[in-house]
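First up is the structure itself, then whatever we jot down about it.
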Amino acid sequence: MSTGEKYVAAAYLVLFGTLLLYMALIALKVGRIQRELDELTRTARERAGG
Amino acid sequence: MSTSLRNNGAALLSLLAAALLVAGFALAFFWAPEAQGDPAFRIFYLHVPVALTAYAAFGWGGWKALRLLWTRDDRYDLESYVAIHMGVIFGLLTLVTGSVWARYTWGVWWTWDERQLVLFLVLFLFYSAYFMLRFSTPAGPRRARTSAVYALFGVALIPVSFLAIRLAERYIHPVVLTRDPKIESEMLLSFFVCLGGTLALGGALYLVELAGKRADARLRELRELLA
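Sequence lines, in order, name chains F and H.
Going by numbering that gives the first Met the number 0, the first sequence opens with residue 0, and the numbers climb by one from there.
Going by numbering that gives the first Met the number 0, the second sequence opens with residue 0, and the numbers climb by one from there.
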């Protein structure tokens with residue numbers, strides 16, 4: 000691999016790295032929203048039952 | 000726009016982005032000829048579409064800001080904010096990929112002598128400061144209006160930054176589509192496919208982020224109702 004190709008690879012890796020990081024952050028966020036929804040559903044059910 | 004339509008829109012745009020980016024990068028690497036004298040030229044197919052996507056996101060944020068000021072409808076505040084958020088991410092990617100290209104071609108990561116680079120950095124910093132302004136003010140209509148006015152001011156910088164690259168008399172930043180190395184039709188087609196891919200990617204990320212922020216807002220509302 001020539002030096003020029005290494006720089007090209009580095010630039011493209013920056014994009015894919017950022018995308019992967021963004022996906023990881025979104026996954027964390029979806030997990031948090033799911034947990035909070037579960038908690039709120041439980042609270043709502045308790046109130047409806049009690 | 001209904002929630003399901005928006006979510007389907009995000010899924011469709013993601014698929015479109017994946018297809019166009021795979022096709023565009025394949026064309027750029029295996030079909031388009033190599034530019035003479037610059038083995039790192041293939042960064043062009045990533046750097047320029049990403050920069051144009053950043054401009055598009057800032058422009059979209061400005062449009063939503065204008066809609067907010069025009070209609071006083073609060074939903075445009077979140078849409079403008081998310082668009083600017085995307086613009087900053089793509090702006091950062093532009094700066095990083097540009098730096099990698101510059102390091103190989105010019106031998107430096109950055110040069111302050113180039114007005115074009117400095118103007119893009121100014122645009123990026125201007126929109127980065129948007130978040131400081133936004134989060135230093137309590138949420139509400141006042142913050143929405145202040146943020147919208149700030150976002151609109153930034154839109155004026157977009158043509159300045161874009162045209163600076165084209166109008167500069169003395170430059171080392173390439174102006175590939177109109178001036179610098181003769182661009183062949185295969186290169187141009189590959190470029191436009193990559194541009195379509197990054198625009199679709201930006202659109203998909205915008206819709207996903209918007210859906211997340213709206214879900215957060217609804218959760219807050221629910222929590223308050225159940226408190």
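Quick reminder that beta carbons are idealized off the backbone N, C-alpha and C, glycines included.
Pairwise C-alpha distance: residue j and residue i
| i | j | result |
| --- | --- | --- |
| residue 12 of chain H | residue 18 of chain H | 10 Å |
| residue 224 of chain H | residue 100 of chain H | 53 Å |
| residue 219 of chain H | residue 37 of chain F | 14 Å |
| residue 59 of chain H | residue 79 of chain H | 7 Å |
| residue 123 of chain H | residue 221 of chain H | 36 Å |
| residue 104 of chain H | residue 213 of chain H | 44 Å |
| residue 42 of chain H | residue 147 of chain H | 34 Å |
| residue 258 of chain H | residue 23 of chain H | Nothing can be reported for residue 258 of chain H: it is not among the residues displayed for chain H, which extend from 0 to 226. |
| residue 7 of chain F | residue 194 of chain H | 17 Å |
| residue 39 of chain H | residue 8 of chain H | 35 Å |
| residue 91 of chain H | residue 207 of chain H | 19 Å |
| residue 26 of chain F | residue 15 of chain H | 21 Å |
| residue 128 of chain H | residue 61 of chain H | 15 Å |
| residue 191 of chain H | residue 197 of chain H | 10 Å |
| residue 152 of chain H | residue 114 of chain H | 20 Å |
| residue 27 of chain H | residue 33 of chain H | 9 Å |
| residue 29 of chain F | residue 211 of chain H | 8 Å |
| residue 16 of chain F | residue 72 of chain H | 36 Å |
| residue 44 of chain F | residue 209 of chain H | 29 Å |
| residue 273 of chain H | residue 216 of chain H | Shown here, chain H extends from 0 to 226; a query on residue 273 of chain H therefore has no answer. |
| residue 106 of chain H | residue 112 of chain H | 14 Å |
Three-state class that DSSP yields for residue i in the structure shown
| i | result |
| --- | --- |
| residue 30 of chain H | coil |
| residue 22 of chain F | helix |
| residue 140 of chain H | helix |
| residue 33 of chain F | helix |
| residue 131 of chain H | helix |
| residue 245 of chain H | Because residue 245 of chain H is not part of the residues shown, which for chain H are 0 to 226, the question remains open. |
| residue 0 of chain F | coil |
| residue 9 of chain F | helix |
| residue 47 of chain H | helix |
Buried or exposed by the 16-neighbour rule on C-beta atoms within 10 Å, applied to residue i
| i | result |
| --- | --- |
| residue 139 of chain H | exposed |
| residue 93 of chain H | buried |
| residue 160 of chain H | buried |
| residue 12 of chain F | exposed |
| residue 35 of chain H | exposed |
| residue 76 of chain H | buried |
| residue 110 of chain H | exposed |
| residue 24 of chain F | exposed |
| residue 20 of chain F | exposed |
| residue 137 of chain H | exposed |
CA nearest to the CA of residue i, picked from the options
| i | options | result |
| --- | --- | --- |
| residue 63 of chain H | H:87, H:82, H:197 | H:82 |
| residue 9 of chain F | H:148, H:95, H:10 | H:95 |
| residue 70 of chain H | H:88, H:131, H:143 | H:143 |
| residue 199 of chain H | H:89, H:73, H:125, H:149 | H:89 |
| residue 205 of chain H | H:87, H:116, H:65 | H:87 |
| residue 186 of chain H | H:118, H:209, H:45 | H:45 |
| residue 84 of chain H | H:57, H:74, H:110 | H:57 |
| residue 118 of chain H | H:158, H:55, H:72 | H:158 |
| residue 202 of chain H | H:51, H:32, H:135 | H:51 |
| residue 150 of chain H | H:125, H:137, H:162, H:141 | H:125 |
Minimum Cβ-Cβ distance from residue i to chain C less than 9 Å
| i | result |
| --- | --- |
| residue 48 of chain F | Absent from the structure is chain C; the protein chains it does hold are F and H. |
Assumed close pair residue i, residue j - CB separation to whole angstroms, cut-off 8 Å
| i | j | result |
| --- | --- | --- |
| residue 184 of chain H | residue 30 of chain H | That pair is no contact at about 11 Å. |
Residue i beta carbon near the ligand PLP (any heavy atom closer than 8 Å)
| i | result |
| --- | --- |
| residue 64 of chain H | Of the ligands one can find in the structure shown there are none, so the ligand PLP has no counterpart to examine. |
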